[in-house]
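Counted the way UniProt numbering counts, the sequence shown spans residues 1 to 378.
All residues carry an ideal CB built from backbone N, CA and C; glycine is no exception.
Small disclaimer: the values here were computed from a predicted structure and weren't measured.
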Amino acid sequence: MNLPFSLVAVSLFTSGYVAIFSVALTANIFIIFLVLKKPVMRTTITYFFANMAAANLLVAVFVILQALRYLFAADAWFPGMLGQVSCRLLHYTEAISTTASILSLIAISLDQVNVILFPIRRAVMIRYTKFISLVIWLLSMVFTSPYLAMFGVKTVSGQQHRCVYLVLNHVVMELHVSLIFVFLYGFPLVFMATLYALMGRKLWFRTIPRNVHSIHRQAAEKTKRRTIRLLIALIATYALCWLPAHVLGMCTVFKPNVIRNLAPHWSLLIAFIAHANCAFNPCIQIVLDRRFRAEFFKLRNCGRNIKQWCICKKGKVENNREAKTDVPRFKTLESVIERIAKGRGRLYDLSPTKNDTQLRPFSPVQLSYYSEVVETEN
């Protein structure tokens, strides 16, 4: 069998892609399963994490498997209508997953801005979390729809069929590459960096309500900083993994001589780093998020049996206790916030003397603090 690349390169990259595929498939399914099956895990930010996991799962299933095939057959493809459709859908799916991933990061950043800067507005975002997730996928499909026309199967030398980039107009190529760099890399990173700068300033220089207990205040501050650290790690990983790919794309159009002199192994390495992002994201979430990490260790302690994990005694007791509780607890505080936003109820706090006759309503600012305390306890 004639390989398009050296045997050493094919062996190394095949091993790497198999490892990435295994980690990405397992970790992303784990996150999606947790959000869908565990009521405790259903918060605004975890819904967006599940959105990212779904996008990463698309990369693992379609893009990484195609990258493995590319190592052995390069651009070679099969002819006919099925070949045309599969070639276009493959590149379209890769573009959709990348776009959905960065839009999910932006949505998470906006949610954290509401948590820290505008706690009253967050109730609105909580009510429309699922709708926002749907909009993310619709925008991704619309924005990347030109990929369906830009790729296709081309016959070379009358016999060989290749899945290639069909655009020949140099101006269109420059416009396409520039738009991808601006809207999927440059602008999102600048926008999110600005948001996190504002949030960091607020976290370090804001006034804490006097009637919030110091322990709650410290817990809230620690939780917010942990969340910011997690999101900064995700954004930095995305930036580092995709920067070489965007630079390579820009050089392909604006500096073609540089690409001609570039060894093919470097192109493989750049693509490998970009594709590895789909495995890094869920691992970062599991390591830095206490809720995901706790569920991961719970699964391990239950003997790696999913069925046993779902009915573990500890989880079963917690679920039964929640089911028997008529009053919404702080563990499901987002549902309480949603009820208050809809005018269906109010939330009260006991006075410092713990006297039930001196009830006082929660302020939105206090509510935001307690919501972060809950995440810390989980």
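- Query: By how many angstroms is the C-alpha of Q160 removed from the C-alpha of K154?
  - Reply: C-alpha separation (whole angstroms): 8 Å.
- Check whether the Cβ atoms of A95 and A279 sit closer than 8 Å, and answer yes or no. No. Outside cutoff.
- So, are the CB atoms of Y196 and I232 less than 8 Å apart? Yes, Cβ-Cβ distance for Y196 and I232 is below 8 Å.
- Item | Alpha-carbon to alpha-carbon, D111 and I45 | Those two C-alpha atoms are separated by around 7 Å.
- Pick from F297, T99, H275 that is closest to M141, judged by C-alpha positions: The shortest CA-to-CA distance from M141 to any of F297, T99, H275 is the one to T99.
- Task: Please classify A100: does DSSP put it in a helix, a strand, or coil?
- Result: Three-state result, A100: helix.
- Item | Own chain residues within Cβ distance below 8 Å of T14, not counting five before or after | Correct list, in chain order: L68, L71.
- Task: Could you tell me how far apart the beta carbons of L272 and I286 are, in whole angstroms, since I believe they sit closer than 8 Å?
- Result: The residue you asked about is not Leu; residue 272 is Phe in the sequence shown. With 8 Å as the limit, F272 and I286 do not qualify as a contact, their Cβ atoms being about 22 Å apart.
- Message: Just checking N169 against the ligand FAD - is the residue's beta carbon closer than 7 Å to any of the ligand's heavy atoms?
- Response: In terms of ligand content, the structure shown is empty, and the ligand FAD therefore cannot be addressed.
- Between the Cα of C283 and the Cα atoms of M52, C251, L262, P264, which residue gives the shortest distance? Sorting M52, C251, L262, P264 by C-alpha distance to the C-alpha of C283 places M52 at the top.
- Assigned secondary structure, R127 (DSSP; H/G/I helix, E/B strand, else coil): Three-state DSSP puts R127 in a helix.
- Query: Could you give the C-beta distance for I136 and S104, rounded to a whole number, given that I count them as a contact under 8 Å?
  - Reply: In this structure I136 touches S104 by the C-beta definition: roughly 6 Å separates them, less than 8 Å.
- Item | Distance, L25 Cα to V253 Cα | Cα to Cα, V253 sits roughly 33 Å from L25.
- For P261, is the classification buried or exposed, using 16 other Cβ atoms within 10 angstroms of its Cβ as the cut-off for buried? The sequence shown places Asn at residue 261, not Pro. With fewer than 16 other CB atoms across the displayed protein chains lying within 10 angstroms of its CB, N261 is exposed.
- Message: Quick check: what's the CA-CA separation for R290 versus R225?
- Response: Inter-residue distance for R290 and R225 is about 13 Å (C-alpha atoms, whole angstroms).
- What is the DSSP secondary structure of K255, counted as helix, strand or coil? Coil, per DSSP.
- Message: Helix, strand or coil for F118? Go by DSSP, reduced to three states.
- Response: Secondary structure of F118 (DSSP, three-state): coil.
- Message: Could you check whether the stretch 177-191 touches the stretch 240-253, counting it as contact only if at least three pairs of C-beta atoms, one from each stretch, sit closer than 8 Å?
- Response: In this structure the stretch 177-191 lies against the stretch 240-253, because at least three pairs of beta carbons, one per stretch, are closer than 8 Å.
- Query: What is the C-beta distance between V59 and F49, in whole angstroms, given that I count them as a contact (C-beta under 8 Å)?
  - Reply: No, V59 and F49 are not in contact; Cβ-Cβ is about 16 Å, not under 8 Å.
- Message: Only counting the same chain, and skipping five residues up and downstream in sequence, which positions put a Cβ closer than 6 Å to that of K314?
- Response: Confidence at K314 is low in this model, with a pLDDT of 49, below 50, so the placement of that residue should be treated as unreliable; the coordinate-derived value is given next. For K314, where only same-chain residues beyond five positions count, there are no Cβ hits under 6 Å.
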